[in-house]
Structures are given as structure tokens and as C-alpha cells.
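Report on one structure; see the data block that follows.
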Amino acid sequence: MKSLYGKFLIYTAGIMVFSGLTAFLAVNTYYHQNLKESNDEKNMNIVRQLANYIEEARPEELDLYLKTQASAGYKLLLVSEELEGKRYGQSFRLDNLKEEDVKSVLNGEDYHGMKNFPTETFVTGFFSDETTNTVGVPFTYRGKEYALFLRPDIKLLFTEVHYLLGGMVIVMAIASLLAMLIVAKRLIHPITQLTLATKKVGKEEFSGILPIHQQDEIGQLAESFQKMTKRLQENDLIRKKFISDVSHDFQSPLLNIKGYAGLLMDETLPYEEHAGYARVIQAETDRLSSLTKQLLLLTSLDQMMSPLKPITYDVSEQLRETVRKYRWLLEDKQISLSMEIEDSELIGDPAFLEKVWENLLSNALKYTPDYGTIEVSLVSTENSVTVQIGDSGIGIAEENLAHIFNRFYREDDSRTIAAEGTGLGLSIVQQVTELHNGTITVTSEKGKGTVFTVTLPKL
0 MKSLYGKFLI
10 YTAGIMVFSG
20 LTAFLAVNTY
30 YHQNLKESND
40 EKNMNIVRQL
50 ANYIEEARPE
60 ELDLYLKTQA
70 SAGYKLLLVS
80 EELEGKRYGQ
90 SFRLDNLKEE
100 DVKSVLNGED
110 YHGMKNFPTE
120 TFVTGFFSDE
130 TTNTVGVPFT
140 YRGKEYALFL
150 RPDIKLLFTE
160 VHYLLGGMVI
170 VMAIASLLAM
180 LIVAKRLIHP
190 ITQLTLATKK
200 VGKEEFSGIL
210 PIHQQDEIGQ
220 LAESFQKMTK
230 RLQENDLIRK
240 KFISDVSHDF
250 QSPLLNIKGY
260 AGLLMDETLP
270 YEEHAGYARV
280 IQAETDRLSS
290 LTKQLLLLTS
300 LDQMMSPLKP
310 ITYDVSEQLR
320 ETVRKYRWLL
330 EDKQISLSME
340 IEDSELIGDP
350 AFLEKVWENL
360 LSNALKYTPD
370 YGTIEVSLVS
380 TENSVTVQIG
390 DSGIGIAEEN
400 LAHIFNRFYR
410 EDDSRTIAAE
420 GTGLGLSIVQ
430 QVTELHNGTI
440 TVTSEKGKGT
450 VFTVTLPKL
């Protein structure tokens, strides 16, 4: 059986058999170690009383007397001095009494077969129906020597009370087994539901709620599964939207390249228009190249558990160098730049953190009009480094602040200002910052500017 319910049935039956065998062995061992001698002594007293009565009362019919005693719940073996034996009561299962033991009793010695019965775990003591598992005494009757051996007749000793107790145990075992099967069915049912739900998730069917409201571990598992399914559903929507956005952002420049390339095929086109179309194609090609690079960077960030190669380096010098790269654009747009950068080092990946400063500074330059201002600052403390890059640009509407780190997100009015943008820069900034166990926050006011604050731990 491969089902969990079938395995439970097998395990339950196995446990019951194992428990019964263990209990029997434990009780049997306890009898051998603690009760065997007292049982021997008790039965020895009984057989002595029988022998004493025979010697004192001298019953007329010895056979009738022994038959009467046997009917009271005993098995008797009478052996004469000629070694002729006669049994009274039910027959012994095994007749293995040694001749020397019989002769020893006829010579006047007592036989303690119960006390001297082999003490072994797998040898039943009390229930062993053998002539060696008896007690024996000698007696004299009408001038002849006899040996009388006795052991209880277990079947006759079982009274109605014993049968009632035995029946009660059997009924309890059956009832317990049935109850366990019902409980197992109820326990396994939600697991079956979870299995069906996982198959649906494998087919990308994320809808539907599991009707499991238990407060135990299975309920916790179902709740976790629901949360996981919800997250997978959200990720699936994000993935589909991501594919749609990528397709759109690739399609637009490709259509432009195709269209202007077709126009360039016109040999009568004036030089000025020809050069203008070529510049558009070059710009769209640069845009595709930038988009491809950023997509590859995001893919490496998503797929690698630890893409960073942290070292201790001068982050203040890196920030100054990034500003120097964009000096030409600052002068071209006649933007006023102020820097307050404290010398500082931290442990991080210089290549990835450089992308952070480049994206933030390029965004500030992109959305800041001519003659605007940009402020760059770095404040170093004992445990962290805080970098702020602010501008006096177009700003971000308050309702859009929660979405700016989403991939391919761009405000509608920003598209007219920065059509060459990919909408991936801030997503990269956030992901790299989080990989460095840092935080990034943004404050902005529409029409007045935006300030990004990145805080990174030094260790």
C-alpha cells in the first residue's frame, strides 16, 4: 500500500502485534523472576494436603478420590512403585517427566518442577502444560509407595470473570482500532486536500481556498500553504506583467529602428533628414543596449543566492568619481551641484554599489531641468554610511511613491521627459541596497524635487 492511510493500517496492526508480544514476554519474564517460586510453594502445599489426607483417611477408592480432586481444577499423575503411571483430569500436552525424578519422589524426596522449570524469555512458565512443570510428593497407601504429581488445569481455572475480562480486553482492542482508523481518516483527509491543492498549483491554478480550519500542525501547514499560494499568485501576476513590459519596451525601439531604417532606404532623402534618422536609430539602439544590460543585471541578482563579492573599499572616493563622470552633463544643463562627502570606508561590492550611485545620479540629472540644483552628501557614523542624492526636478506624486521601485514603472508625465528610460534603474538600486543589508527611502514633492537616502552598514 502506497497511500498514507494504508501505511497507517499496517503500522497500527504491527504496533498492536508488537505490543501484545512485548506484554506477553514481559509478563512471562516477571513470572520467571518473581512468581515462579511462590507458585511452586502454593501448589506444593496443595499436593501435600492431598497426600496427607490419603495417608491419614485411607479412602476406600483411591481412583475415585483422585478423580474428584482432578475435577476441582487440577491435573494429577499417580505413579506406583512399579513405575506404572495413571493420569487424572485432562491429559498433559507433553509427557516429559524423567524416570530418575519419579524414582527420587518414590524414595521420599519432593519434586519442585515448577520452581526448577527453565528460566528463559521465550519459554512459557505458568502456561507450560508439561509433566516436568509439576510438583510431586511421595505417600504410602495400603503398604505401597506412590508418587503424586500435580499442576493446575488452566482451562478449568478460567472462570466467568476471566472470560468477561478477556472479552472486555478484546472489545476494547477492536473499539480502539476502529476509533484509530476513524481518527486517521480525519487526520489524513486534510493532507489529501493539500495534495490535490499542490497539484493545482503545479498547473498554475492559484485560485480556491482550502476548507481547513484546524488549530494543530496540519492547520498551520494549510495556513502556510495558503500564504505560499497567494505569494505565488502575486509572483505569477508580476511575472506576466514583467514579460508584457519587457515585450513593450523592446517592441517600441525595434519598431522605431525598423521604421527609420526603411526611410533611410530613400536615396532622394536630404542629408539633414538622413542624419536625423540615423541619430534616432542610434538612440534607440543605445536604449535597447541599456535595457538588455539592466535585464541581465536583474537576472543575476534574482538567480544568485549571494552575487556579491564584498571587500573593504573607499566609498567616498567612489561617490566623487561617479559625480565626475557626469560633470559634462552638469555643465551642459548648467545644473548647480553641491557636495558634502565625508571620507569613509565600508565592506561591500564596489561594482554593484557603483550602479546604485550611477542610477540615482543619472535620474537626478534626467528629471532636473536646466539651471536646477543637485545636492550629494555622505555622512559617516561608527556603524553606517548614509548617502543622500537630492534634486530640484519635477518630483514624484505622493500616490506614486509606493510604486517607483517596481520594475518598468515610470510616471506617465516622466515618459515625455525621459523616453529613453527603461524603468529598471530604481528596482536595481533597491535590490542591491537590500543585498548589502541596507535601506533606501525617498521623499518627494511634485514640482519641487526628490531626495533619495541610502543607508548601508559598514560591516
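So for the sequence shown, numbering that gives the first Met the number 0 puts the first residue at 0; every next one is plus one.
Just so it is clear, CB atoms sit at the ideal spot from N, CA and C, and this is done for glycine as well.
Quick one, are the C-beta atoms of residue i and residue j less than 9 angstroms apart?
{"i": "K457", "j": "V384", "result": "yes"}
{"i": "G72", "j": "D128", "result": "no"}
{"i": "Q110", "j": "I53", "result": "Per the sequence presented here, residue 110 reads as Tyr, with Gln not at that position. Cβ distance not < 9 angstroms, so Y110 and I53 don't count as in contact."}
{"i": "L147", "j": "L75", "result": "yes"}
{"i": "L423", "j": "D390", "result": "no"}
{"i": "V104", "j": "P58", "result": "no"}
{"i": "G135", "j": "G112", "result": "yes"}
{"i": "I395", "j": "I403", "result": "yes"}
{"i": "D369", "j": "Q333", "result": "yes"}
{"i": "D39", "j": "K97", "result": "no"}
{"i": "Q232", "j": "P210", "result": "no"}
{"i": "D348", "j": "P309", "result": "yes"}
{"i": "I242", "j": "L263", "result": "no"}
{"i": "T438", "j": "V453", "result": "yes"}
{"i": "V46", "j": "V78", "result": "no"}
{"i": "N255", "j": "E272", "result": "no"}
{"i": "V375", "j": "S335", "result": "no"}
{"i": "A277", "j": "Y259", "result": "yes"}
{"i": "F249", "j": "L295", "result": "no"}
{"i": "T131", "j": "N95", "result": "yes"}
{"i": "L318", "j": "L434", "result": "no"}
{"i": "F205", "j": "K229", "result": "yes"}
{"i": "T311", "j": "E353", "result": "no"}
{"i": "Y30", "j": "F125", "result": "yes"}
On the CB-based measure, 16 or more other CB atoms within 10 Å of its CB, does residue i come out buried or exposed?
{"i": "R150", "result": "buried"}
{"i": "A22", "result": "exposed"}
{"i": "M0", "result": "Annotation note: pLDDT 45 at M0 (below 50); position unreliable, coordinate value reported separately. M0 should be labelled exposed."}
{"i": "V182", "result": "exposed"}
{"i": "M304", "result": "Bear in mind that a pLDDT of 48 at M304, under 50, signals an unreliable position, so the number given afterwards is only what the model happens to contain. Exposed, because fewer than 16 other Cβ atoms sit within 10 Å of the Cβ of M304."}
{"i": "T432", "result": "buried"}
{"i": "L360", "result": "buried"}
{"i": "T449", "result": "buried"}
{"i": "G88", "result": "buried"}
{"i": "V26", "result": "exposed"}
{"i": "W356", "result": "buried"}
{"i": "S443", "result": "buried"}
{"i": "I479", "result": "The first residue shown for the chain is 0 and the last is 458, placing residue 479 beyond what the model contains."}
{"i": "L290", "result": "buried"}
{"i": "K35", "result": "buried"}
{"i": "I9", "result": "exposed"}
{"i": "I373", "result": "buried"}
{"i": "F17", "result": "exposed"}
{"i": "Y270", "result": "exposed"}
{"i": "K447", "result": "exposed"}
{"i": "N51", "result": "exposed"}
{"i": "G371", "result": "buried"}
{"i": "N234", "result": "exposed"}
Using DSSP's beta-bridge definition, name the partner residues of residue i.
{"i": "D215", "result": "None, per the DSSP bridge assignment."}
{"i": "Q387", "result": "S376 and T452"}
{"i": "R150", "result": "K74"}
{"i": "G84", "result": "V78"}
{"i": "V441", "result": "F451"}
{"i": "K143", "result": "Y140"}
Of the choices the options, whose alpha-carbon is the least far from that of residue i?
{"i": "N436", "options": "L345, V450, G448 and S443", "result": "L345"}
{"i": "A12", "options": "Q387, K202 and S175", "result": "S175"}
{"i": "S426", "options": "A401, E444, V450 and K445", "result": "A401"}
{"i": "T28", "options": "V386, T194 and P117", "result": "P117"}
{"i": "N405", "options": "I217, S315, R238 and I45", "result": "R238"}
{"i": "K184", "options": "F7, Y270 and N362", "result": "F7"}
{"i": "E216", "options": "P189, A196 and K199", "result": "P189"}
{"i": "M43", "options": "S315, H31, Y10 and T133", "result": "T133"}
{"i": "S55", "options": "G107, G142 and K41", "result": "The identity of residue 55 in the sequence shown is Glu, whereas the question assumes Ser. Out of G107, G142 and K41, G142 has the C-alpha closest to the C-alpha of E55."}
{"i": "S90", "options": "G107, E80 and K66", "result": "K66"}
{"i": "Y366", "options": "V386, F351, L352 and G392", "result": "G392"}
{"i": "A69", "options": "L155, T311 and M227", "result": "L155"}
{"i": "D62", "options": "Y145, L20 and L180", "result": "Y145"}
{"i": "E397", "options": "V441, N362 and T380", "result": "V441"}
{"i": "K445", "options": "L236, M179, F451 and N399", "result": "N399"}
{"i": "N362", "options": "L328, E339 and E266", "result": "L328"}
| In chain order, which beta strand (DSSP E) runs of at least 3 residues are fully inside the stretch 302-362? | 310-313, 335-340 and 344-347
| said: So within the stretch 33-67, which uninterrupted beta strand (DSSP E) runs reach at least 3 residues, ignoring any that extend past its ends? | reply: none
| query | Curious, which full-length alpha helix (DSSP H) runs of at least 4 residues does the stretch 87-138 contain? | reply | 98-105
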